[in-house]
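J.:
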Amino acid sequence: MLADPVSAFPAFRLASERAQRLGRPVLASWTGPCARQDPIEYFAQHEAAEYRGLWLRPSSGEALVAIGCARDLVGQGAERFAQVASAWRELLAEAVVDGVATEAAHGPVAFGGFSFDPMRSRTDAWKAFSDARMVVPERLLSVRRGGGWITSNAMVGPDAQPAPPPAPGRDTGGSPEPLPLSPEAWQATVAEMADGIRTAALGVEKVVLARAQTVRVRRPIEAALRHLAASYPTCTLFAIAQGDACFLGATPEELIALRNGVASTAALAGSAPRGATAAEDEQLARRLLSDAKEQREHGLVVAALCEGLAQTCTRTMADAHPRVHKLANVQHLLTPIRGQVAAGRTVLRLVRRPDRLDEPRRRGRVRGRPALGAGTWRLGHAVRRLRHRRRLEPSYRRGRMGLEAAADTRCARGGNVSSAPQALDRIVGAFVDQLASAGVRHVCACPGSRSTPLAVKLAEHPGIRLWMHLDERSAAYFGLGLARALRQPVALLATSGTAAANFMPAVVEASLARMPMVVLTADRPHELRDNGAPQTIDQLRLYGEYARWFFDLPEPELSAEQLRLVRAVAARAVGSATAEPAGPVHVNWPFREPLVPVASFASLDGYVAEAEVQVRNARLAPGQDLVSALSRALSRASRGLIVCGPQDDPALPPAVARLAGCLGYPILADPLSGVRFGRHDRSVVVDTYDAFLRDAATAERFAPEVVVRVGAIPTSKPLVQYLQRYPSARHIVVDPGGWREPTGLATDILHVDPRLLCEALAAELPGRPTAADWATKWLEVNLIARQAIEAYVQNVNELFEGRVFAELASLLPDATLLYAGNSMPVRDLDTFLAGSARSLRCLANRGANGIDGVVSSALGASAARVGRVVLVIGDISFYHDLNGLLAARQHQLDLLVVLLNNDGGGIFSFLPQAAAIPDRFEQLFGTPHGLDFRPFVEGYGGTFERVESWHAFAGAVRDGLARGGLQVVEVPTERKRNVVLHRQAWPAVAAALCPAAVC
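Rendered as structure tokens:
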């Protein structure tokens, strides 16, 4: 027994009275503050104790140290988890807990470990450890948040005396140590396992093997622990000492944690070494993120963990993309995973499922799902195969449990008291959790005091990735690009005042481009509004009609009504942002001081227990009457067109291609439509209309009877002017929400989903097209025009902005995301980049067509980790968003920027103003800046290269793609010469069409 037993505290007397009534010992536990102590030193000081446990996170200083044994919880065999869990529940049900009750001060906690495979005899190295032993220590030191607490525990008998702890579980004896493997035997074992995977004999796709190593230790265990803490500060240290035996280590993984109904774990698989330099280290990390083999193996682990959690969780969720987790000597791919667990289940219920591998034919049901599925059977088969391998020894699991049980005990004594910090914890925590449940995985935030409650809860939520930025405008555009690339809603967070106003440009773009975005703004309490209070503006409906929906929440107040309200508001916000037409929503939330929550997100009692609001949006399917009438009309029109404007539904291209094939209509595909590139049927795709429709003779020869338009208005002005030539044609605009029809030509506006309409029409139409000759003529012209364009740009040896895209066509790898700046870059993309079967995805901010925020948008797309991202941008647009470059360094993102620098506003040189007011043109429109962008780029940690030839351009692009990080390739051009080179291209195309008798 330790000094200062719990008998000195009131809990002892209460426990004695309860033990007398029950006729059996009862746990008495008391917690009080103490001076902060060194956890490792405290562990070492009690070397004589029968049992010692250590759990330490060096990076945060958080630690638990268990000394002595007040109560043993033991289990054996396949049911060891259930046995220990049952004993733990029974112990807590009768326990008397008293003393300090804060989130940082723990009550009863059980320490211990479990054998990995109880059906295999333990070797002599593990004979001191039973199948399962969890210990309630006599003394528990808790170190957290700069403070120290001591929890004293004792089993009090009916005679008012501390009851001795029961003897540990019977040792079943050890078996001889496995023979050390020679290098040859080790290689043979690895080869055998690989063959078992390849031939499916093992029934699994991945096996991790490790070689045991024996070392002689002369220094005390304390020295080993301090070495581990210094060498692996981001890992978790653990030690379990029983007598002379000690199991210790430093692990980057937490098997599983269960806190107030939320189970959290992480897949840690896929590895790379650390680099000798920072640059090499980041290059290795980027290579790890893009390595197909590592990604596949990581995906296997993620899938296995999700499958395991699904056996006992009502809902599981994993991050869409892994991130790199860096340790002292290695870096891993890491994906956080969490699940919602039904009330009353302990962490042992979760870890026991993968362990029941010897019962593959036992079937059960958990909430309607099989408790053991095919994956469990395969794993069990593999473990049984490996169990009989004489040279392969299973390991031992270590763990701690009881934090949530301690919180429950406190609640049973007195319950929670409503206060401002607790309201922030519970109310804001519920709001954030509902955002995640409804589909928000990423939040872009900027620092600010008033937004502290939301920022803290967003940062703590295991299902949300928080991207911090210093500038609100850049943050908002970063979120916009992230939402585009992921095709998911992204949230923004700003503090009160003008910070929220800086979101406005991106909110406008998101509204017009139909990008789902949830804008969260913190505000001052109501009594500080409209009376001159500092950093206070009118934030009500700040974004006007550009927000799809607005809600001004009340100040947090802990009540059941407000819990339901904030969950409903969060769900409606995401639902409104993702419904057709998608767009931004605005939630304004006033907060009163104090602004700092007192509890971590994971400790909020019942924050997931409240009923969640499920948000589901369905596509608008066309009715059969519409499909039948439209199919009859289209089948009678022999000269029809399908015009695909900017849109980003990946399912639309194959559907519209099938419809075009049924009708014999050509598809005029904007580069932002997704139809111009990809492995779908592209046999009737036309991609040079911007060039040949400038020729009046050609445009007159192709008079359509009907035009079906999907997506936003096309980028190409010649195409829009061509459509306006034929107002008598039937113009059918398919728009699932809104009215994107600025030409005034529409005869039909169909508020249905374009993909569903195309699929329904293709199923209704006969298989043989009626307008094949019409499409053939378009394709002949398209081929001639493409050959003419390629011949023209190849003969332009000087640097020319149009040729940039022709060069990129052969330089960009498959699966590249090409982000185009507005003004000239997106127009040159339309004209000079030929369509292909490669998986090239083109994006641009074509909602409001602004030149601001494009750098941040491209970096946001890079953060989605969907492939290499290349941005082509003009110098004025680049200048507008120089602040956004910080995100590349701050978040270690890859972005190759092709900077078209013509020293001013190049697009204005194509407009009538250039000839009409030449004496004022440079002052008002040309606006030369004379900036050298190299210092800016290098100041943000990027690499800058200015090229003077096409050979140098190709080399710089290849090098930039290989290096990763922020790479800027500057292409200098002269504005007037650029206009000339563009205008010489159109006669070249027209001249090529005339000999082919299509002029």
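For reference, each letter of the sequence shown is one residue, going 1168 to 2166 in my numbering.
Glycine residues also receive a C-beta, built at the ideal position from the N, C-alpha and C atoms.
All values reported here derive from a predicted model rather than from experimental measurement.
Sort out for me which residues DSSP pairs residue 1807 with in a bridge.
T.: Looking at the DSSP assignment, residue 1807 forms a beta bridge with 1873.
J.: Starting from residue 1424, follow its DSSP beta bridges and name the residues at the other end.
T.: Paired residue(s): 1431.
J.: Is the separation between the beta-carbon of residue 2132 and that of residue 2106 shorter than 8 Å?
T.: Cβ atoms of residue 2132 and residue 2106: not closer than 8 Å.
J.: Take residue 1931 as the anchor and find which of 1464, 1445, 1796 has the nearest alpha-carbon.
T.: Taking only the C-alpha atoms, the option nearest residue 1931 is 1796.
J.: For residue 1365, count the other beta carbons within 10 Å of its own beta carbon; 16 or more makes it buried, fewer makes it exposed. Which is it?
T.: Classification for residue 1365: exposed.
J.: Report yes if the CB atom of residue 1945 is closer than 8 Å to the CB atom of residue 1833, and no otherwise.
T.: Closer than 8 Å, so yes.
J.: With distance defined between alpha-carbon atoms, name the residue in 1672, 1651, 1755 nearest to residue 1984.
T.: Per the Cα distances, 1651.
J.: Could you tell me the distance, in whole angstroms, from the CA atom of residue 1473 to the CA atom of residue 1970?
T.: Cα to Cα, the separation comes out at about 48 Å.
J.: Sort out for me which residues DSSP pairs residue 1915 with in a bridge.
T.: DSSP lists 1899 as partners of residue 1915.
J.: Taking contact to mean at least 3 C-beta pairs separated by less than 8 Å, is the region 1997-2015 in contact with the region 2040-2055?
T.: Contact between the region 1997-2015 and the region 2040-2055 is absent, because fewer than three Cβ pairs lie under 8 Å.
J.: Can you confirm whether the region 1956-1972 touches the region 1785-1803 when touching is taken to mean that 3 or more C-beta pairs between the two stretches lie within less than 8 Å?
T.: Touching, no.
J.: Report the rounded CA-to-CA distance for residue 1690 versus residue 1725, giving the unit in angstroms.
T.: About 19 Å.
J.: Could you work out which residue in 1300, 1321, 1245, 1250 is closest to residue 1275 when comparing CA atoms only?
T.: Answer by Cα proximity: 1321.
J.: For residue 2103, which residues of its own chain have a beta-carbon under 8 Å away from its beta-carbon, when the five flanking residues on both sides are left out?
T.: Excluding residues within five positions, the ones whose Cβ falls inside 8 Å are 2049, 2052.
J.: Which residue from 1756, 1784, 1857, 1783 puts its Cα closest to that of residue 1810?
T.: Of 1756, 1784, 1857, 1783, the residue nearest in Cα terms is 1857.
J.: Taking the alpha carbon of residue 1460 as the reference point, which residue from 1739, 1442, 1437 has its own alpha carbon closest?
T.: Nearest C-alpha to residue 1460: 1437.
J.: Thinking C-beta only, is residue 1659 closer than 8 Å to residue 1621?
T.: Taking 8 Å as the Cβ cut-off, residue 1621 and residue 1659 do not qualify as a contacting pair.
J.: Give the straight-line distance between the Cα atoms of residue 1926 and residue 1910, rounded to the nearest whole angstrom.
T.: Distance between the alpha carbons of residue 1926 and residue 1910 is about 27 Å.
J.: Considering only DSSP beta bridges, list what residue 2040 is partnered with.
T.: Residue 2040 is bridged to 2066.
J.: On the criterion of 16 or more Cβ atoms from any shown chain inside 10 Å, does residue 1580 qualify as buried, or is it exposed?
T.: For residue 1580, the predicted structure reports a pLDDT of 26, less than 50, and the residue's modelled location is therefore unreliable. The matter cannot be settled from this model.
J.: In whole angstroms, give me the CA-to-CA distance for residue 1576 and residue 1240.
T.: Bear in mind that the predicted position of residue 1576 carries a pLDDT of just 27, short of 50, making it unreliable; the figure below should be weighed with that in mind. Computed Cα separation, rounded: 19 Å.
J.: Can you name the residues that DSSP bridges to residue 1688?
T.: Answer is 1661, 1755, bridged to residue 1688.
J.: Please classify residue 1569 as buried or exposed, where buried requires at least 16 neighbouring CB atoms within 10 angstroms.
T.: Residue placement at residue 1569 is poorly supported in this model, since its pLDDT is 35, which falls under 50; the coordinates still yield a value, given next. With 16 or more Cβ atoms within 10 Å of its Cβ, residue 1569 is classed as buried.
J.: From residue 2099 to residue 2140, what does the alpha carbon distance come to, in whole angstroms?
T.: Roughly 14 Å separates the two Cα atoms.
J.: Taking the alpha carbon of residue 1188 as the point to measure from, which residue in 1324, 1208, 1221, 1305 has its own alpha carbon closest?
T.: The option with the nearest alpha carbon to residue 1188 is 1324.
J.: Starting from the Cα of residue 1217, find the closest Cα among 1249, 1185, 1296, 1840 and give me that residue.
T.: Comparing Cα-Cα distances from residue 1217 to each of 1249, 1185, 1296, 1840, the minimum goes to 1296.
J.: If you drop the 5 nearest sequence neighbours on each side, which residues of the same chain put their C-beta closer than 6 Å to that of residue 1557?
T.: Bear in mind that the predicted position of residue 1557 carries a pLDDT of just 45, short of 50, making it too unreliable to give a figure here.
J.: Using a Cβ-Cβ cut-off of 8 Å (strictly less than) and excluding sequence neighbours within five positions of residue 2175, which residues of its own chain qualify?
T.: Summary: the structure shown does not reach residue 2175, with the chain confined to residues 1168 through 2166, and so no result is reported for it.
J.: Following the continuous beta strand (DSSP E) through residue 1413, name the residue where it begins and the one where it ends.
T.: Per DSSP, residue 1413 belongs to the beta strand (DSSP E) from 1412-1418.
J.: For residue 1715 and residue 1670, I'd like the C-alpha separation in whole angstroms.
T.: When rounded, the distance between both Cα atoms is 15 Å.
J.: Going along the chain, which residues of its own chain have a beta-carbon closer than 7 Å to the beta-carbon of residue 2125, five neighbours each way excluded?
T.: So the list reads 1978, once near-sequence residues are dropped.
J.: Within the continuous beta strand (DSSP E) that includes residue 1229, where are the two ends?
T.: Looking at the DSSP string, the run of the beta strand (DSSP E) that includes residue 1229 is 1229-1234.
J.: Thinking just about the alpha-carbon of each residue, which of 1872, 1787, 1704 is nearest to the one in residue 1894?
T.: Comparing Cα-Cα distances from residue 1894 to each of 1872, 1787, 1704, the minimum goes to 1872.
J.: When DSSP labels each residue in this structure, what does residue 1644 get in the three-state scheme?
T.: Looking at residue 1644 - three-state DSSP - the assignment turns out to be helix.
J.: On the criterion of 16 or more Cβ atoms from any shown chain inside 10 Å, does residue 1469 qualify as buried, or is it exposed?
T.: Residue 1469 should be labelled buried.
J.: Quick check: the region 1691-1705 against the region 1621-1633, are there 3 or more CB pairs under 8 Å?
T.: The region 1691-1705 is not in contact with the region 1621-1633.
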